[in-house]
Amino acid sequence: MNYLNKEIVVIGLGYVGLPLAVKLAAHFKVIGYDISIDRIKELTDCNDSTKEIKKNILRKAKNLIFTCDKSMISNKCIYIITVPTPVKKNKLPDLSLLKNACKLVGKNIHKGAIIIFESTVYPGVTKNICAPIIAKESNFKLNEGFYLGYSPERINPGDNQHSLDKIIKVISGSNNKITKIIGKIYETIITAGVFYAKNIEVAETAKAIENAQRDINIAFVNEVSLLCQKLNISVYDVLNAAKTKWNFLPFQPGLVGGHCIGVDPYYLAHIAKKLNSSTDVILSGRRLNDSMTAIVFKEIEKQIRKDSRILQIGISFKENVPDIRNSKSAELAKLFLEKKYKIEIHDPVANPKEVQIDFGLTLSKLSGKYDYIIIAVAHNFIYRNNINILKYTKKSSTIFDITGKFKNKLSKNNIKYWSL
Numbered sequence: 002m003n004y005l006n007k008e009i010v011v012i013g014l015g016y017v018g019l020p021l022a023v024k025l026a027a028h029f030k031v032i033g034y035d036i037s038i039d040r041i042k043e044l045t046d047c048n049d050s051t052k053e054i055k056k057n058i059l060r061k062a063k064n065l066i067f068t069c070d071k072s073m074i075s076n077k078c079i080y081i082i083t084v085p086t087p088v089k090k091n092k093l094p095d096l097s098l099l100k101n102a103c104k105l106v107g108k109n110i111h112k113g114a115i116i117i118f119e120s121t122v123y124p125g126v127t128k129n130i131c132a133p134i135i136a137k138e139s140n141f142k143l144n145e146g147f148y149l150g151y152s153p154e155r156i157n158p159g160d161n162q163h164s165l166d167k168i169i170k171v172i173s174g175s176n177n178k179i180t181k182i183i184g185k186i187y188e189t190i191i192t193a194g195v196f197y198a199k200n201i202e203v204a205e206t207a208k209a210i211e212n213a214q215r216d217i218n219i220a221f222v223n224e225v226s227l228l229c230q231k232l233n234i235s236v237y238d239v240l241n242a243a244k245t246k247w248n249f250l251p252f253q254p255g256l257v258g259g260h261c262i263g264v265d266p267y268y269l270a271h272i273a274k275k276l277n278s279s280t281d282v283i284l285s286g287r288r289l290n291d292s293m294t295a296i297v298f299k300e301i302e303k304q305i306r307k308d309s310r311i312l313q314i315g316i317s318f319k320e321n322v323p324d325i326r327n328s329k330s331a332e333l334a335k336l337f338l339e340k341k342y343k344i345e346i347h348d349p350v351a352n353p354k355e356v357q358i359d360f361g362l363t364l365s366k367l368s369g370k371y372d373y374i375i376i377a378v379a380h381n382f383i384y385r386n387n388i389n390i391l392k393y394t395k396k397s398s399t400i401f402d403i404t405g406k407f408k409n410k411l412s413k414n415n416i417k418y419w420s421l
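So the sequence shown is residues 2 to 421, counted in our numbering.
Rendered as structure tokens:
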């Protein structure tokens, strides 16, 4: 079977699946499938609420069809699954969407089909959980009736410099022949090239530790930042001095949320516990980063009045993206509201309806003057309009810059300024 001239089905059209489907459509016929009718409708109208793909790009994707009709993905030979893999409230892996996708694909595959997973999982999920589901639904055996691949997503939402095609793609498959075929498929769209992992478990683990390492590094700097507060010195001055050494990694302190860095360490901890292995370092970093929202709130609360007017800028989990999943800035806003503070939230990037549904928070427009301004997320619009921020301050106002991105700009003005 010549897989390189077959139609490709991408399951899940979020931050990972949509950019992938668009890139693939330049070389293959692609069907983009999602269970959300609203998502399919907006994409069919060439609108992307994630703001990752522009309208004109969607218009040009002539080989790409969007659907939530299961019959349209039946009897295909290549499926790429990119559904979310979050954690539950108890911090255990939530594989429900992944399992549902496996059932869907299993019921529809053509004999000899390749199913490639991009969703982040803990080592062993692809072969031990996904494969049996597909086998049961299809009545095919692994490496006889169907084949598996794992090529972890490395998308960095809001980052145009490191787009899908510019990041090396890790490739793995259920046998050597299939691994090479998967590599050839991705080589058509990845200009940075591909890397062949030894096996699927290696690729799964590599993905999980990429984000866990970043989480640990940020936790370390957050801890240093808390120490610097006690020493009455700036962590940014410390980092500027330290990074003059060639091998120092200048990570920045801040709130760490989202659906990757704030989740993947728990996936590693889950499989480690099953294998009676320790993850003390991984979990200690995650615990510290999880606690930073409350720590920042307490620090700000020491310096504000109950009857004051407060503005929080930013509610998404990171700058320049509307994604609010596991947003620590949203958690921060809720802490202020729970303590009956008069806080208004402004974020022109986030979707107001989603913010209301997910967190019960209402977004506001900028108006009048505020006693305190909290910069929780450093969206680019703040960079472009940083002088405007000062228009909303009083002589007695304080700016709390959690991101530290505006230290050199705002701290020079005659305004009280605080940062981590």
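All C-beta atoms in this analysis are idealised placements derived from N, C-alpha and C, irrespective of residue type, glycine included.
{"query": "Taking the alpha carbon of CYS103 as the point to measure from, which residue in ILE115, GLN214, LEU93 and PRO94 has its own alpha carbon closest?", "result": "ILE115"}
{"query": "Let me confirm a value: VAL282 is counted as buried when at least 16 other C-beta atoms fall within 10 Å, else exposed. Which label applies?", "result": "exposed"}
{"query": "Hey, quick one: how far does the alpha helix (DSSP H) through LYS178 stretch, first residue to last?", "result": "177-188"}
{"query": "Please work out which residues of its chain come closer than 6 Å, Cβ to Cβ, to CYS131, disregarding the five sequence neighbours upstream and downstream, and give them in chain order.", "result": "CYS103"}
{"query": "What are the boundary residues of the alpha helix (DSSP H) that CYS271 is part of?", "result": "The question names Cys, but residue 271 in the sequence shown is His. Residues 265-275."}
{"query": "Starting from the Cα of GLY405, find the closest Cα among SER139, LYS30 and GLN253 and give me that residue.", "result": "GLN253"}
{"query": "Which runs of the beta strand (DSSP E) spanning at least 3 residues fall entirely within the segment 120-183, listed in chain order?", "result": "147-151 and 170-174"}
{"query": "Nearest by alpha-carbon distance to ILE217: which of CYS229, GLY194 and LEU256 is it?", "result": "LEU256"}
{"query": "Quick check on the DSSP output: what are the complete beta strand (DSSP E) runs of length 3 or more inside the segment 48-134, in order along the chain?", "result": "65-68, 77-82 and 110-118"}
{"query": "State yes or no: is the C-beta of GLY369 nearer than 7 Å to some heavy atom of the ligand FAD?", "result": "The ligand FAD is not part of this structure, which contains no ligands at all."}
{"query": "Quick one: using the 10 Å Cβ neighbour count with 16 as the cut-off for buried, is PHE249 buried or exposed?", "result": "exposed"}
{"query": "Counting only beta-carbon atoms, is GLU8 nearer than 8 Å to chain D?", "result": "The structure shown contains no chain D; it holds only a single protein chain."}
{"query": "Along the beta strand (DSSP E) that carries SER397, what are the first and last residues, could you check?", "result": "394-402"}
{"query": "Assuming PHE67 contacts LEU143 (C-beta within less than 8 Å), just tell me the rounded distance between them.", "result": "Rounded, the Cβ-Cβ distance is 30 Å, inconsistent with contact."}
{"query": "Just how far apart, CA to CA, sit ILE346 and ILE416?", "result": "21 Å"}
{"query": "How many angstroms separate the CA atom of TYR80 from the CA atom of ILE403?", "result": "42 Å"}
{"query": "From what residue to what residue does the beta strand (DSSP E) around GLN214 run?", "result": "Note, GLN214: premise wrong, no beta strand (DSSP E); alpha helix (DSSP H) at 201-232."}
{"query": "Going straight from the alpha carbon of TYR373 to that of ALA62, what length do you get?", "result": "46 Å"}
{"query": "Look at the alpha carbon of ASP46 and the alpha carbon of PHE141, and state the distance between them as a whole number of angstroms.", "result": "38 Å"}
{"query": "Let me confirm a value: LEU362 is counted as buried when at least 16 other C-beta atoms fall within 10 Å, else exposed. Which label applies?", "result": "buried"}
{"query": "What's the C-alpha gap between THR394 and VAL88?", "result": "40 Å"}
{"query": "What did DSSP end up calling GLY18 once you bin it into helix, strand or coil?", "result": "helix"}
{"query": "Helix, strand or coil, according to DSSP, for TYR4 in the structure here?", "result": "helix"}
{"query": "Indicate whether TYR187 and SER152 have their beta-carbon atoms separated by less than 8 Å.", "result": "yes"}
{"query": "In this structure, does DSSP put GLU345 in helix, strand or coil?", "result": "strand"}
{"query": "Run the CB neighbour count on LEU232, radius 10 Å, all protein chains shown included, and call it buried at 16 or more, exposed below.", "result": "exposed"}
{"query": "Among LEU59, ILE168 and ALA209, which residue has its Cα nearest to the Cα of PHE1?", "result": "Absent from the model: residue 1. The displayed extent of the chain is 2 to 421, so no value can be given."}
{"query": "By the DSSP assignment, the alpha helix (DSSP H) with LEU256 in it spans what residues?", "result": "Where LEU256 is concerned, there is no enclosing alpha helix (DSSP H), given that its DSSP letter is neither H nor E."}
{"query": "Note the first and the last residue of the continuous beta strand (DSSP E) segment covering ASP372.", "result": "371-376"}
{"query": "ASN48 to ILE41, Cα distance in whole Å?", "result": "10 Å"}
{"query": "For LYS108, which residues in the same chain have their Cβ closer than 6 Å to its Cβ, ignoring the five residues on either side in sequence?", "result": "GLU138"}
{"query": "Just confirm the distance between the C-beta atoms of THR51 and PRO323, as a whole number of angstroms; I'd bet it's less than 8 Å.", "result": "7 Å"}
{"query": "Under the three-state reduction of DSSP, which class applies to PHE337: helix, strand or coil?", "result": "helix"}
{"query": "Between the segment 273-291 and the segment 207-224, are three or more C-beta pairs nearer than 8 Å?", "result": "yes"}
{"query": "Is the Cβ-Cβ distance between LYS77 and GLU145 less than 8 Å?", "result": "no"}
{"query": "According to DSSP, is LYS408 part of a helix, a strand, or is it coil?", "result": "helix"}
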